[in-house]
Amino acid sequence: MIILGLNAYHGDSSACLVVDGKLVASVEEERFRRIKHWAGFPTEAIKYCLKEGGISLDQVAHIAINRNPRANLLKKALFVFSRRPSLTALKDRLTNAGKIQDIKEVLSKEFGINRTEIKAIIHNVEHHRAHMGSSFFVSPFESAAVVSVDGFGDFVSTMWGEGKGSNITVQDQVNFPHSLGLFYLAITQYLGFTNYGDEYKVMGLAPYGKPTEMEKLRKVVRLKSKGKFELALDYFLHHSEGVSMVWDNGEPSIGKVYSEKLVELLGPARTKDAPITEYHKNIASSLQEMYEEVFFHLLKYVYSQTKNPNLCLSGGCAMNSVANGRIFNRSSFKDVYIQSAAGDGGGAIGAAYWVWNEVLGNTRCFTMDHAYWGPGFSDAEISSVLQVLSLELERQQCTVEKIEDEAALCRRTAERVAEGKVIGWFQGRMEWGPRALGNRSIIGDPRRADMKDILNLKIKRRESFRPFAPSIIREAVGEWFETDYDVPFMLQVFQVREEKRKEIPAVTHVNGSGRLQTVTESQNRRYYQLIKAFEKIAKVPIILNTSFNENEPVVCTPQEALDCFLRTKMDVLVMGNWFLERQVK
Numbered sequence: 001m002i003i004l005g006l007n008a009y010h011g012d013s014s015a016c017l018v019v020d021g022k023l024v025a026s027v028e029e030e031r032f033r034r035i036k037h038w039a040g041f042p043t044e045a046i047k048y049c050l051k052e053g054g055i056s057l058d059q060v061a062h063i064a065i066n067r068n069p070r071a072n073l074l075k076k077a078l079f080v081f082s083r084r085p086s087l088t089a090l091k092d093r094l095t096n097a098g099k100i101q102d103i104k105e106v107l108s109k110e111f112g113i114n115r116t117e118i119k120a121i122i123h124n125v126e127h128h129r130a131h132m133g134s135s136f137f138v139s140p141f142e143s144a145a146v147v148s149v150d151g152f153g154d155f156v157s158t159m160w161g162e163g164k165g166s167n168i169t170v171q172d173q174v175n176f177p178h179s180l181g182l183f184y185l186a187i188t189q190y191l192g193f194t195n196y197g198d199e200y201k202v203m204g205l206a207p208y209g210k211p212t213e214m215e216k217l218r219k220v221v222r223l224k225s226k227g228k229f230e231l232a233l234d235y236f237l238h239h240s241e242g243v244s245m246v247w248d249n250g251e252p253s254i255g256k257v258y259s260e261k262l263v264e265l266l267g268p269a270r271t272k273d274a275p276i277t278e279y280h281k282n283i284a285s286s287l288q289e290m291y292e293e294v295f296f297h298l299l300k301y302v303y304s305q306t307k308n309p310n311l312c313l314s315g316g317c318a319m320n321s322v323a324n325g326r327i328f329n330r331s332s333f334k335d336v337y338i339q340s341a342a343g344d345g346g347g348a349i350g351a352a353y354w355v356w357n358e359v360l361g362n363t364r365c366f367t368m369d370h371a372y373w374g375p376g377f378s379d380a381e382i383s384s385v386l387q388v389l390s391l392e393l394e395r396q397q398c399t400v401e402k403i404e405d406e407a408a409l410c411r412r413t414a415e416r417v418a419e420g421k422v423i424g425w426f427q428g429r430m431e432w433g434p435r436a437l438g439n440r441s442i443i444g445d446p447r448r449a450d451m452k453d454i455l456n457l458k459i460k461r462r463e464s465f466r467p468f469a470p471s472i473i474r475e476a477v478g479e480w481f482e483t484d485y486d487v488p489f490m491l492q493v494f495q496v497r498e499e500k501r502k503e504i505p506a507v508t509h510v511n512g513s514g515r516l517q518t519v520t521e522s523q524n525r526r527y528y529q530l531i532k533a534f535e536k537i538a539k540v541p542i543i544l545n546t547s548f549n550e551n552e553p554v555v556c557t558p559q560e561a562l563d564c565f566l567r568t569k570m571d572v573l574v575m576g577n578w579f580l581e582r583q584v585k
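Read left to right, the sequence shown gives residues 1 to 585 (my numbering).
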């Protein structure tokens, strides 16, 4: 039984392949198109998944898409009748929804085949049900409370219920135009971060301020009974004038969603290149605090209804790792599962597993305990790329050596990390989701207080307030952090133990926190061995980890990794068993 899952015509377009209930491959389209958050039809992602599975499109039995334009039709009609949104807003929504009505026609054009050759049954899975499926159906839990929170999808912003076995029961939802994700987006835009997906920057800025503006923000979003919330719509545009949204085969963009009334409340909005003031930092801090106030209001109610100690979380808001790290302290949940692509990209998996479980009635037989579902490359393929660029490597005075022994390779790399070098680490299959988790990573020494400056000077050139993440061997977590929990996908922030902060300043945020990634030998043997090798040298079982890219999507291929290495000031590149090093002039 072969199922192809898709997130199409939305940000982070993606595809996955599920065979007999087991995930075979999953990847975001941006990694092939080289445009961040690429939105459109995920043709290249589909091609990769089919190739990885060794199958052709005509062998696919079911195609699942994480959108259903027919969902919530009555609510949509009532909204149009009562609110009378602009014709432009209606046209944009109808145009986008219309694109997924005939997937077979799109596939026939993209793959150059007759649509009659596509035998798959098409399933449109409601957006938030796909989100819920993307967490619960691949989780380790037999039962769990299931919560999805994001901007909007199929006229819904938030949905919750309970999963048991192979079924999810939806209990309630929050409908358009009220959205916690849109609230966060509005203040993100107000603070001058206008690119699609910039919310994480504001989350990183928040610890630099104080939540002094809570009284104002409580006017913008209000708590309601039974876990719900509502926006004060006068502060927003999306429900009346509509918001420009671009999802057509390129970088997605969303126009301004806040109204002038928000400016009257908070003062002049920051322009993109303006200095960040203390007031801006305080607004960021207040935004995060207000988000958490609403988020935990919801979780408290969900727990009261389910009494289930397990929580599966999904949707774009599930990427708020700061709030996620406070779930155990601010709610009654005891265990949490958030898969690595919790946002819209993960909807491809959710749609596929919704079909496997809910539609086809199959038993769950798969747990996603690692994120390595993308393309991988052999040493021979890497060697071919090195040969093509051998003259450029020689010109830049780079040595190239193949080290077959894994222990020796990890030891050599760890030595360079300890020397303060910046290392590109390209191994195995690429990660699924936005986080680099040790296969497409740039790594450095967490002990160096100047490591952030070194990385930004040599490669990243990003905002100084954004933290870098610590990768830590699982058995050492309790010694270094105020938790002893598995965080394999880098989606929870916990406090670094106070007495340890001075030892790892490069990965300790201004408020003493770290967005950690726990690493086990079974999940990622080579990355684990690298960290252990560094521990032997430095007495610290942690390395700094950031994504292998330079203002672009994370590198996918050896060619892209080598290109990034050559155009930046990276010191070392380790690809498979190949060790490349710039010689000191």
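All C-beta atoms in this analysis are idealised placements derived from N, C-alpha and C, irrespective of residue type, glycine included.
Since we're looking at a predicted model, the values are computed, not measured.
Item                                                                                                                                                : Value
To which residues does DSSP link Leu182 through a beta bridge?                                                                                      : DSSP output for Leu182 lists no bridge partner at all.
For Ala342, which three-state DSSP category applies?                                                                                                : coil
I think Ala186 touches Phe155, with their Cβ atoms under 8 Å apart; what is that distance to the nearest whole Å?                                   : So it is not a contact: roughly 19 Å between Cβ atoms.
Exposed or buried, which one is Arg67 when buried takes at least 16 other CB atoms within 10 Å?                                                     : buried
Tell me, please, which residues DSSP counts as bridged to Gly151.                                                                                   : Looking at the DSSP assignment, Gly151 forms no beta bridge with any residue, so it has no partner.
Compare the beta carbon distance of Phe534 and Val355 with 8 Å and say whether it is the shorter of the two.                                        : no
DSSP three-state call for Cys365: helix, strand or coil?                                                                                            : coil
If you scan the region 385–468 from start to end, which runs of the alpha helix (DSSP H) of 4 or more residues do you find wholly inside it?        : 390–395, 406–418, 451–455
With Gln529 as the anchor, note down where its alpha helix (DSSP H) starts and where it stops.                                                      : 525–538
In chain order, what residues of the same chain lie with their CB nearer than 6 Å to the CB of Trp578, ignoring the 5 residues before and after it? : Ile382, Lys402
How would you call Lys569, buried or exposed, if buried means at least 16 neighbouring beta carbons within 10 angstroms?                            : exposed
When you compare each of Thr546, Lys47, Tyr528 to Ile459 by their alpha carbons, which one comes out closest?                                       : Thr546
With DSSP run on the structure shown, which of helix, strand or coil describes Leu90?                                                               : Because the pLDDT of Leu90 is 49, which lies under 50, any placement of that residue in the model is unreliable, and the question is left without a value.
Within 10 Å of its beta-carbon, does Ser244 have 16 or more other beta-carbons around it, so buried, or fewer, so exposed?                          : exposed
Is Asn357 near the ligand FAD - that is, is its Cβ less than 7 Å away from at least one heavy atom of it?                                           : In the structure shown, the ligand FAD is absent, as is every other ligand, since no ligand is present at all.
Along the chain, where does the alpha helix (DSSP H) that runs through Phe136 open and close?                                                       : 127–136
Identify whether Trp38 lies in helix, strand or coil by the three-state DSSP scheme.                                                                : coil
Answer with buried or exposed for Asn310, where buried requires no fewer than 16 other C-beta atoms within 10 angstroms of its C-beta.              : buried
Run through DSSP, which three-state label would Asn310 get?                                                                                         : strand
Could you give the distance in angstroms between the alpha-carbon of Arg70 and the alpha-carbon of Met575?                                          : 47 Å
Which residues mark the beginning and the end of the beta strand (DSSP E) in which Cys564 is found?                                                 : Taken as a continuous stretch (DSSP letters only), Cys564 belongs to no beta strand (DSSP E), being part of the alpha helix (DSSP H) at 558–567.
Which residues bound the beta strand (DSSP E) around Asn175?                                                                                        : 167–175
Please name the residue or residues paired with Cys16 in a DSSP beta bridge.                                                                        : Gly5, Ser26
Would the beta-carbon of Trp480 fall within 8 Å of that of Ser26?                                                                                   : no
Roughly how many whole angstroms lie between the Cα atoms of Val540 and Thr363?                                                                     : 43 Å
When the Cα of Tyr303 is compared with those of Gly433, Glu162, Val400, which residue comes out closest?                                            : Glu162
I need the DSSP call for Glu162, collapsed to helix, strand or coil.                                                                                : strand
Could you tell me the boundaries of the beta strand (DSSP E) in which Met214 lies?                                                                  : That residue, Met214, is in no beta strand (DSSP E); its alpha helix (DSSP H) goes 214–217.
Measure the CB-CB distance between Lys256 and Gln171 and report whether it falls below 8 Å.                                                         : no
How many angstroms separate the CA atom of Gly5 from the CA atom of Gly428?                                                                         : 23 Å
With contact counted as at least three CB pairs below 8 Å, one residue from each stretch, are the region 514–527 and the region 474–493 in contact? : yes
Scan the region 182–270 and note each continuous beta strand (DSSP E) run of 3 residues or more that stays entirely inside, going in chain order.   : 221–223, 229–231
Quick check on the burial criterion: 16 or more other C-beta atoms within 10 angstroms. Buried or exposed for Thr277?                               : exposed
With a CB to CB cut of under 6 Å and the five nearest residues on each side skipped, what residues in its chain are close to Met368?                : Val138, Gln339
In whole angstroms, give me the CA-to-CA distance for Lys164 and Gln288.                                                                            : 32 Å
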